[in-house]
Amino acid sequence: METLIEFFSFEYPNIKYVVFGTILLSISSAVVGCFTFIKKKSLVGDVVSHAVLPGICISFLASGSKDPFLLIIGAFVSGWISIVVMDAITRNTKIKEDAATGLALSVFFGIGILLMTYIQHSGNASQSGLDTFLFGKAAALIGVDLLAFSIIAVIVLVVVFLFYKEFKLISFDPQFAKVIGLPIRRLEIILTSVTVLAVVTGIQAVGVVLMAAMLITPAAAARFWTNRLSKMLIIASVFGAFSGISGAFISYSTPSMPTGPWMVMVLSIIALFSFFFAPGKGIVINQWRRFKIQRQLLEENLLKTFFKIGESNNDYFREIETNDIGLARTFSTGQLTKGLRKLNANGYVEKVGNAWRLSKEGHDKGKRITRLHRLWELYLTKYLRIAPDHVHEDADTIEHVITPELESRLEQLLNYPTADPHDSTIPSRN
Amino acid sequence: MIGDAISHSVLPGIVIAFLLVGSLESAWMIIGAGLLGVLTTFLIEFFHQKGKLQTDASIGVTFTWLFALGVILVTYYAGNAHIDQDCILHGEIAYVPIDLMYDDAGNAIGPKAVIVLSVVLVVILLFIGIFYKELFITTFDPDFANAIGISSSKWHYLLMGLVSLTTVASFESVGAILVVALLIAPASAAYLITQDLKWMLLLSSFFGIVSSILGYWLSYLLDGSIAGAMVTISGVIFGICYLVTVLKK
Amino acid sequence: MIHHVENPALEIHDLTVSYDKKPVLWGVDLTIPNGALCGIIGPNGAGKSTLIKSIMDLIPLNSGYVKIFDKELDEIRKKISYVPQRESVDWDFPASVLDVVMMGRYSQLGLFKRLRKADRDAALSALEMVGMEKYAKRQIAQLSGGQQQRVFLARALTQNPEIYFLDEPFAGVDAATEKAIIQILKNLSEEGKTIIAVHHDLQSVETYFNWVIMLNLRLVASGPTSEVFTPQFLEETYGGKLTLLSEVGELVKERGFHAREKQ
């Protein structure tokens, strides 16, 4: 706790700068990442982050200095070239996109490694530190470097803000954008440029390999919480910023811990949590929904069975023993006990000694399900020409789905029928 | 791109295998890496199928997450592990002759990497030789293959298994990213200039050999990484094949 | 109208199929006589290809079963051939015409066995049947659409099956190829083979097929061409969707129901 307070009091200016820098970098990558995500080109970030290496080496070789602005220019140029190469390969040959992606990524990186080892072995004293580009070192974000990267991160954010509408359109529906006369090509170039810039700056914090995560992971996580791009950008930025702070804090409190990988770790945990638990789309939530549907099916099937037993005896409110329900329709013992307990709790049936009796609500609900079942059977035989002895199973599912609105239309379409294909009476509407 | 993802995400497997066994014995590393390779493929499919996450993002999230975990483990145990991320990223083939393998009597049989890779090569050649027609039909027309009773998904997973095996066996020498280049570049170059699968297999092997030899000389000249130089040459070969096909049009 | 026959070549019982949880074929129930030359027709998105694919077990069924010559698919695979849509494969694949046609022999070969001269001869004679013997060595990337379709048909012929399933064999082919293919199919049918093809062109239905399956999310009609290829059934097949049915389908998907309740 003390460390936490110490950390957030920003007593040491260095911490302040590092935190500030990582947050800016994370946000700009997250924002740009949302666009590559909706264009289904998430791995472009991965390619660019690997491809900047030869550019960095060449600009170092040419200038002999580690001036961050010069290195960034080199990185920017070779990142751009990798995208052009990738496009040229997919456009001019039969090679597919994923092979072209892997090819550009790995070959550029190979050239970069060759150049980098050449520089290291050539005994140039000032080369040390070039490899922070490879593995990233957020703690090195101080002085001129911090200034350079912050400026670029701000530029990225401003450009995205200004061109938000246009970027949204060319990412989502380029055909339409073209039809309404947007200068697609120029916009694409601007979007690609900010992507490359975001990658170039982000590498400094997390390194070549993990850079892809800074782009993809916040966007993928945010996608699970919203369907709207504007909200997605904000959520992704928040996730990015949070991971930046956490990464910086973890490496502050345990100095042996690397900032970049922890940032990615935090992001990934957020993403995994979103994949499983986000409302609406999460995997667990979907399972839960399925479970609830199963329970709904069980309850409605039980009520239907009660209703049908009542129908055959002409007495809907008689007491029925658990056994007789099992005889009328197959339920497992577990289903029977669980389902009946639930129905009892909801007031659809009441327990009378060892037997059960429908309540008014239970009767109405059972009646409606039976009615929908028979209406759908009739629809299938009339409109789908399915033989009467084949319609039962299908109706067993659909009876649980039909809404009151569809029910009225079905009734009207069938001309308010009174009997189903098996000559059972279709109960009237309540 | 799955090959790329696997080559990165096996890192925690290697580290965990090392921490459990306490040595850099190849067999354990390959088992650890292999398990992580399978886990990666599974997770990518899982997020895609169950979570409805688009494939590219599913790949990206999965492999970066596992790689970050690997790097954290490596740094945490940096004191006692002789693996560093440098080596995993770009390997060092120059050390291969130093790491010898000994028989029971303690005599050197030869460099370990050479022996491991030879075994892998034989396995792959045998596999392709024996099951050429199954691989052929399931890659060309999976629906037809399924219809006549040859399961395309089974062969897909076997093929992916071979990719993982090659990756894991090679990256000690050339590193995780560059192994991807050696998987893709010679094959793509061959694919551009021939239209016959058997020729493509032969040509890509040939390009691989040329890249190794010329790459070695290039690295000698520049005093740089051998693996990097090999990849550079394979990129140049691809570039030539690309120009030839584009100019012919 | 659904015409059922005794001892059918193909029997489909109460088949329901969904894509991404949404039912696209409802309760299809039909039989096809041995030796029929049968066309499946219906508007776009009616489930024609889906029907063929579900017969070949390429997509899972929600309910129902399929029997071919009264046997399960797995017992009889060697007697069945399937010609997928031409666009379903990558024609840039590095392979020759002969390579592709010989794939038809793989099912008989089994694991570990290599192709022999007999397989090659079978492939060559199949190529001759489709008029492509001169192209055996040609790379598949260099073929026209019609030639690609002939190669696919030749591949099926080398299997020497009893029943053929063809997915849009006439889509995007030239007139000469279409004529050649239908002639081959008619000859096969005369030899007693059963042929089932997805078809688009209503003009040629009567001259090509002696049995017709009419689909639009559900089976509208199945029977001899002369009996079911009538204005009344055509109107029912092509004259608009059953909106209620599609809406219920959407609801099933939205609420995450399985199209069939697990009993």
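Protein chains in written order, with my numbering: chain A, 3 to 432; chain B, 21 to 269; chain C, 488 to 750.
Every residue, glycine too, gets a C-beta built ideally from N, C-alpha and C.
Using the beta-carbon of each residue, which ones in chain C are nearer than 8 angstroms to B/I170?
For the purposes of this step, residue 170 of chain B is taken as the residue at position 150 of the second sequence. Residues of chain C passing the Cβ test: Y593, S594.
Tell me, please, whether the region 247-262 of chain B touches the region 94-114 of chain A by the rule of three or more beta-carbon pairs shorter than 8 angstroms.
yes
At a CB-CB cut-off below 9 angstroms, which residues of chain C make contact with B/T186?
Walking along the second sequence from the start, residue 186 of chain B turns up at place 166. In chain order: nothing, as chain C lies at least about 21 angstroms away.
So which residues of chain B does C/A628 contact, with C-beta pairs closer than 9 angstroms?
Looking up residue 628 of chain C in the third sequence gives position 141. Within chain B, Q215 have C-beta atoms less than 9 angstroms from the C-beta of C/A628, given in sequence order.
Secondary structure at C/M619, three-state DSSP: helix, strand or coil?
One-based indexing of the third sequence puts residue 619 of chain C at position 132. Annotated three-state conformation of C/M619 is coil, per DSSP.
Does chain C have any CB closer than 7 angstroms to the CB of A/V210?
What you label residue 210 of chain A is simply residue 208 of the first sequence in a count that begins at 1. It does not: the Cβ of A/V210 has no partner Cβ on chain C nearer than 7 angstroms.
Taking C-alpha atoms, which residue in A/L374, A/W358, A/E302 lies nearest to A/T324?
As a first step, residue 324 of chain A must be located in the first sequence, where it is residue number 322. For A/T324, the nearest C-alpha among the options comes from A/W358.
Looking only at DSSP bridge pairs, what is C/W698 linked to?
Numbered from 1 along the third sequence, position 211 holds the residue referred to as residue 698 of chain C. C/W698 is bridged to C/C525, C/P711.
Under the three-state DSSP convention, the category C/S583 falls into
Along the third sequence, one-based indexing puts residue 583 of chain C at 96. DSSP places C/S583 in strand when its eight states are reduced to three.
Interface flag, A/A222 vs chain B, CB-CB below 7 angstroms
Taking the first sequence and counting its residues from 1, the one referred to as residue 222 of chain A is at position 220. Closer than 7 angstroms: yes.
Under a CB-based cut-off of 7 angstroms, is A/F244 close to chain B?
The residue labelled residue 244 of chain A in the question sits at position 242 within the first sequence. So no, A/F244 is outside the interface.
Using only the alpha-carbon positions, how far apart do A/D422 and A/L380 sit?
Your numbering for residue 422 of chain A matches position 420 in the first sequence. Your numbering for residue 380 of chain A matches position 378 in the first sequence. Going by the C-alpha atoms only, they are around 5 angstroms apart.
What do you get for B/L280, buried or exposed, if any count of 16 or more other CB atoms within 10 angstroms of its CB means buried?
Any property of residue 280 of chain B remains undetermined from this structure, which presents chain B solely from 21 to 269.
Can you tell me the Cα-Cα spacing of A/L231 and A/C36, whole angstroms?
In the first sequence, the residue the question calls residue 231 of chain A occupies position 229. In the first sequence, the residue the question calls residue 36 of chain A occupies position 34. Cα to Cα, A/L231 sits roughly 8 angstroms from A/C36.
Determine whether the beta carbon atoms of C/I499 and C/V515 lie at a separation below 7 angstroms.
What you label residue 499 of chain C is simply residue 12 of the third sequence in a count that begins at 1. What you label residue 515 of chain C is simply residue 28 of the third sequence in a count that begins at 1. In this structure, C/V515 lies closer than 7 angstroms to C/I499 by Cβ.
At a Cβ threshold of 7 angstroms, is B/F147 touching chain C?
As a position in the second sequence, residue 147 of chain B is number 127, starting the count at 1. No, B/F147 lies away from the interface with chain C (no Cβ there is under 7 angstroms from its Cβ).
Can you check whether the CB of C/G526 is closer than 7 angstroms to the CB of C/V699?
Numbered from 1 along the third sequence, position 212 holds the residue referred to as residue 699 of chain C. Numbered from 1 along the third sequence, position 39 holds the residue referred to as residue 526 of chain C. Yes, the pair counts as a contact, with Cβ atoms nearer than the cut-off.
Could you tell me the alpha carbon to alpha carbon distance between B/W219 and C/R625, rounded to whole angstroms?
The sequence position of residue 219 of chain B within the second sequence is 199, counting from 1. The sequence position of residue 625 of chain C within the third sequence is 138, counting from 1. Rounded to the nearest angstrom, the two C-alpha atoms are 14 angstroms apart.
Pull the bridge partners of C/Q626 from the DSSP assignment, please.
Locating residue 626 of chain C in the third sequence gives position 139, counting from the first residue. Answer is C/S583, bridged to C/Q626.
If you draw a straight line from the C-alpha of B/F160 to the C-alpha of C/K509, how long is it?
If you number the second sequence from 1, residue 160 of chain B lands on position 140. If you number the third sequence from 1, residue 509 of chain C lands on position 22. For B/F160 and C/K509, the distance between alpha carbons rounds to 29 angstroms.
Cβ pair A/H402, A/E302 closer than 7 angstroms
As a working mapping, residue 402 of chain A is identified with position 400 in the first sequence. As a working mapping, residue 302 of chain A is identified with position 300 in the first sequence. Contact flag set, yes.
Cβ of A/K2 less than 7 angstroms from any chain C Cβ?
With chain A represented from 3 up to 432, any question about residue 2 of chain A goes unanswered, as that position is not in the structure.
With 7 angstroms as the threshold, decide whether the Cβ of A/L105 is near any Cβ in chain B.
For this step, residue 105 of chain A is matched to residue 103 along the first sequence. Yes, A/L105 lies at the interface with chain B (some Cβ there is under 7 angstroms from its Cβ).
With distances taken between CB atoms, is the gap from C/V587 to C/I627 smaller than 7 angstroms?
Along the third sequence, read from residue 1 onward, the residue named residue 587 of chain C stands at position 100. Along the third sequence, read from residue 1 onward, the residue named residue 627 of chain C stands at position 140. In contact: C/V587 and C/I627 (Cβ atoms closer than 7 angstroms).
Proximity winner among B/T60, B/S29, B/L86, relative to A/W264 (alpha-carbon distances)
Residue 264 of chain A sits at position 262 when you count from the first residue of the first sequence. Ranked by how close their Cα comes to the Cα of A/W264, the residues B/T60, B/S29, B/L86 have B/L86 in first place.
Spatial neighbours of C/G710 in its chain, beta-carbon cut-off 8 angstroms, leaving aside the 5 residues before and after:
The residue you call residue 710 of chain C lines up with position 223 of the third sequence. Leaving aside the five residues that flank C/G710 on each side, the residues in its chain whose CB is nearer than 8 angstroms to its CB run, in chain order, M488, I489, H490, W698, V699.
Inter-residue Cα distance where the pair is B/L55 and B/L31:
Within the second sequence, the letter at position 35 stands for residue 55 of chain B. Within the second sequence, the letter at position 11 stands for residue 31 of chain B. Their Cα atoms are separated by approximately 11 angstroms.
Identified DSSP bridge partners for A/E302
Position 300 of the first sequence, counting from 1, holds the residue named residue 302 of chain A. Beta-bridge pairing links A/E302 to no other residue.
Below 6 angstroms CB to CB, which residues in the same chain sit around C/V735 once its five sequence neighbours on both sides are set aside?
In the third sequence, residue 735 of chain C corresponds to position 248, counting from 1. Excluding sequence neighbours, C/V735 sits near nothing in its chain.
Straight-line gap, A/G242 to B/V199 (C-alpha atoms, nearest Å)
Residue 242 of chain A sits at position 240 when you count from the first residue of the first sequence. Residue 199 of chain B sits at position 179 when you count from the first residue of the second sequence. A/G242 and B/V199: Cα-Cα distance of roughly 31 angstroms.
Would you mind working out which of C/G618, C/S575, C/A605, C/L596 sits nearest C/Q670, comparing C-alpha positions?
By 1-based counting over the third sequence, the position of residue 670 of chain C is 183. Nearest of C/G618, C/S575, C/A605, C/L596 to C/Q670, Cα basis: C/G618.
Any chain B beta carbon closer than 7 angstroms to A/L63:
Position 61 of the first sequence, counting from 1, holds the residue named residue 63 of chain A. Output row for A/L63: interface = no.
Taking the Cβ atom as the reference point for each residue, do B/I26 and A/L105 lie within a distance shorter than 7 angstroms?
Indexing the second sequence from 1 puts residue 26 of chain B at position 6. Indexing the first sequence from 1 puts residue 105 of chain A at position 103. It is not a contact, given that the beta carbons lie outside the stated cut-off.
For B/M250 and C/V504, I'd like the C-alpha separation in whole angstroms.
Translated into positions along the second sequence, residue 250 of chain B becomes position 230. Translated into positions along the third sequence, residue 504 of chain C becomes position 17. In a straight line, the C-alpha of B/M250 is about 52 angstroms away from that of C/V504.
Spatially closest choice to C/I546 from C/L502, C/F657, C/E722, C/Q719, by CA coordinates
If you number the third sequence from 1, residue 546 of chain C lands on position 59. C/I546 has its Cα closest to that of C/L502, out of C/L502, C/F657, C/E722, C/Q719.
Does the Cβ-Cβ distance between C/S568 and C/Q634 come in under 7 angstroms?
Residue 568 of chain C sits at position 81 when you count from the first residue of the third sequence. Residue 634 of chain C sits at position 147 when you count from the first residue of the third sequence. Against a cut-off of 7 angstroms, the Cβ pair of C/Q634 and C/S568 comes out as no contact.
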